[in-house]
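Report on the following structure.
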Amino acid sequence: PAMSGKYERDGTPRPGKAPRTAPDPDRPEDLWKALDRGEDPTREA
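Written out as C-alpha cells, the structure is:
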C-alpha cells in the first residue's frame, strides 16, 4: 500500500522534459533504454 501513490498521476504533462532525440547507435545502452520505453530505436527522429 505504501508504494501505490508512486504510480498515481492526474494526467497532466510533466514539465521540464525535453523531447527525446534518437538514440546513439554507438551506445548500446541508449538503444536498450529506448526499447524499455517502448520506442523504436531504428526509426529516425
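The sequence shown begins at 1 in the working numbering and counts up one residue at a time.
Cβ atoms here follow ideal geometry from the backbone N, Cα and C, with glycine treated the same way.
These numbers were taken from a predicted model, which means no experiment stands behind them.
Residue i lies in the alpha helix (DSSP H); which residues open and close that run?
| i | result |
| --- | --- |
| E39 | Segment: none, E39 is in no alpha helix (DSSP H) and carries neither H nor E. |
Look up residue i in the DSSP assignment and say whether it is helix, strand or coil.
| i | result |
| --- | --- |
| E8 | coil |
| A34 | helix |
| P25 | coil |
Whole-angstrom Cβ separation of residue i and residue j, contact assumed at under 8 Å?
| i | j | result |
| --- | --- | --- |
| D24 | D30 | 5 Å |
| P41 | A34 | 4 Å |
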